Structure formats: structure tokens, C-alpha cells
Amino acid sequence: MATRLEAPAEEPLSSIREKIAVRGVVRRYPARSRRAEPVTALDGLDLALAEREVLAVVGPSGCGKSTLLELIAGLQDPDAGSVAAGGQTAARERRRACAYMPQRDLLLPWRDALANAALALECEGVPRAEARRRAVPLFERFGLARFERARPSELSGGMRQRVAFLRTLLAGRPVLLLDEPFGALDAITRTQMQEWLGSALADEPRTVVVVTHDVQEALLLGDRVAVLSPRPGRVVMELEVGFPRPRHRRELVGDPAFAALEARALEALGC
Ligand code: ADP
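Residue 95 is where the sequence shown starts when you use our numbering, and the numbers rise one by one after that.
Okay, structure coming up:
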């Protein structure tokens with residue numbers, strides 16, 4: 095039997111929709127130069143996530159998706175409204191609740207795949223040998239067996255993203271924030287990785303916010319999809335995706351109910 099990661103304990107029902115709560119959030123950036131105008135990235139954004147729910151956030155470029163993730167992750171604070179993760183509003187506490195995976199894999203080129211995956215644990219103070227020992231079983235479980243010693247330059251784009259995801263999982267946080275995780279991959283690898291991520295999350299459930307600009311990806315991954323308006327971003331539509339996870343693109347793309355959800359999301363995006 096494969097060892098499971100130390101999954102964060104289930105929480106009482108009272109906090110069920112409150113794993114992440116974003117209420118009336120406004121985020122303004124000061125002007126970048128004297129000629130530029132200040133930018134209101136988000137204006138009155140509301141979202142709530144239940145424990146172990148996957149929310150896909152889709153919206154046009156520049157509508158504030160990365161800003162939203164950084165706010166939840168405690169890397170920024172809102173100018174108005176409130177953000178809570180794991181019931182905590184202080185930025186430091188939000189940082190403790192969340193593991194953030196940026197768009198680029200950001201693997202360290204001089205470390206092999208295992209050492210890269212173990213990095214999050216080492217940053218938590220786990221000794222290096224112990225961190226690697228804990229990372230090893232995940233390579234087997236998530237389709238990376240025999241690539242432990244490979245350097246990032248020897249791995250395909252999809253494999254590098256898997257290692258980056260393992261590193262994010264190993265951080266042991268209850269909330270995962272994924273910023274366009276497959277944005278840099280070709281179409282075929284992207285489809286494979288969407289299915290891989292769906293299975294990985296079925297195996298290791300977490301509360302997840304995944305940002306994408308791809309409606310089909312959002313519908314394949316999310317229990318719900320939040321569609322954001324152009325900047326300043328706010329939620330213009332939320333769609334419940336009733337299909338059980340993990341999902342397979344082949345089975346869903348021909349399903350009229352899936353096509354109807356896709357059409358609604360595209361309409362909300364003004365496509
Ligand atoms: P998205 O992820 O949806 O593309 P972002 O959250 O990256 O959007 O950015 C939202 C808006 O805020 C964009 O117009 C962007 O140029 C602006 N922005 C982001 N970060 C800063 C910053 N540090 N200073 C000024 N403007 C910023």
C-alpha cells in the first residue's frame with residue numbers, strides 16, 4: 095500500500111464553507127510611474143470555499159487572478175474587505191495555511207528532482223535526508239519513479255510541473271493555490287497534466303484554488319468555476335460542475351451538460 099501524506103485533519107462542519115473566505119475585497123496598486131495611473135485590480139470580490147473543494151477561477155488576462163491568489167496566500171493584503179484562509183485573517187496565518195505554486199515551475203537547476211521536491215520540507219526545518227526520504231514514495235505514486243536523480247533540464251515540461259506540484263503537496267498545507275499550472279505546456283501535455291492533477295487531488299484531497307484562462311480546464315478540474323469580469327475583477331458568475339472527480343476529457347467533451355456549462359462560462363466571459 096502506498097503511504098499517504100499527512101493529510102490535514104478534517105474540520106468540524108461549522109467551518110465547511112469557510113476554508114477560504116474572500117469578502118468584498120478591493121485591491122489597488124499605486125501608479126508604477128509618474129505618468130501611469132493607479133490600478134484597481136479587484137473591486138468587491140467575494141468567494142468562499144469549503145474544505146477539500148476545488149475552485150477554478152477563470153478570467154481575462156489582467157483581471158486580477160494572480161492578485162487574488164497572492165491575497166489568499168498572505169503575500170498581499172486587501173485595501174478593503176477581508177480575506178481568511180483556514181479561518182485566519184492575519185497575513186502570517188494565511189501564509190501558514192497555503193502552499194502557492196506559481197506559473198513557472200521554478201525548480202532549482204542544480205538540484206535533482208528529488209531534492210527539488212524535498213525543498214518545501216527542508217524550508218520547514220526538516221533535515222535534508224529525512225525530507226528526501228519522505229519525498230521518495232510520491233515519485234512512485236505520481237508517475238515519476240526512476241526520475242528522482244534527474245536534473246530539471248533532463249525532464250520534460252510536464253514532468254517538471256509534476257515535480258513542482260509534489261513540492262507544493264509536500265509543504266503539507268491544507269490549501270493549495272495553483273496559478274495557471276499548465277499555461278506553459280503544449281496542448282497534448284496540458285490535457286495529460288489536467289487528468290494527472292485531477293487524479294492526484296482525488297488521491298491527496300486539498301482545498302484548492304486553481305487559476306486558468308482556459309474554460310475547459312476550469313470545468314475539468316473544478317467543483318465550481320468562478321468567472322471574473324475584466325479588470326477590476328469581480329465574480330460575474332459561479333457554476334457548479336456536478337460531474338464526479340477525477341474527470342476525463344474524452345468522456346466529458348461530448349456530454350451536452352458539459353457543453354452547456356462551457357457555453358455559459360464563455361458567455362459570462364463575453365466570448
Ligand atoms: P491576471 O493574473 O488576471 O493576469 P494580475 O493580478 O497579475 O492579473 O494583475 C491585475 C492588474 O494589476 C493588471 O492590470 C496588472 O498590470 C496590475 N498589477 C499587478 N501587479 C501590480 C503591481 N505590483 N503594481 C502595479 N500594477 C500591478
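Backbone N, C-alpha and C define an ideal beta-carbon position, used for all residues, glycine too.
Just so it is clear, the structure is predicted and the values come from calculations on it, not from any experiment.
Considering only DSSP beta bridges, list what residue i is partnered with.
i	result
A312	Partner(s): none; A312 has no beta bridge.
V265	Sequence inspection shows Ala at residue 265; the Val mentioned does not correspond to that position. Paired residue(s): none; A265 is not in a bridge.
S247	Beta-bridge pairing links S247 to no other residue.
R121	L136
R318	L149, E334
Are the beta-carbon atoms of residue i and residue j separated by less than 8 Å?
i	j	result
A135	P324	no
R318	E334	yes
A244	A278	no
E274	Q197	yes
L201	G316	no
R341	D137	no
L143	V119	no
E311	Q286	no
E234	A225	no
A191	A179	yes
Please tell me whether, using a cut-off of 7 Å, the distance from the CB of residue i to the nearest non-hydrogen atom of the ligand ADP is below it.
i	result
A212	no
A191	no
S160	yes
V133	yes
Y123	yes
C157	yes
R243	no
R126	yes
R325	yes
G277	no
G175	no
G364	no
G153	yes
Just to check my reading of the structure: residue i and residue j have Cβ atoms closer than 8 Å, yes? What is that Cβ distance to the nearest angstrom?
i	j	result
R256	G237	7 Å
E356	V309	6 Å
L313	M195	So it is not a contact: roughly 20 Å between Cβ atoms.
P172	R126	P172 to R126, Cβ: 20 Å. No contact.
G175	L322	No, G175 and L322 are not in contact; Cβ-Cβ is about 15 Å, not under 8 Å.
A265	D199	15 Å between Cβ atoms; not a contact.
Say whether chain C places a C-beta atom closer than 8 Å to the C-beta of residue i.
i	result
R245	Protein chains in the displayed structure number just one, and chain C is not present.
Could you check if residue i belongs to the surroundings of the ligand NAP, using beta carbon to heavy atom distance under 7 Å?
i	result
G336	The ligand NAP is absent from the structure shown, which contains only the ligand ADP.
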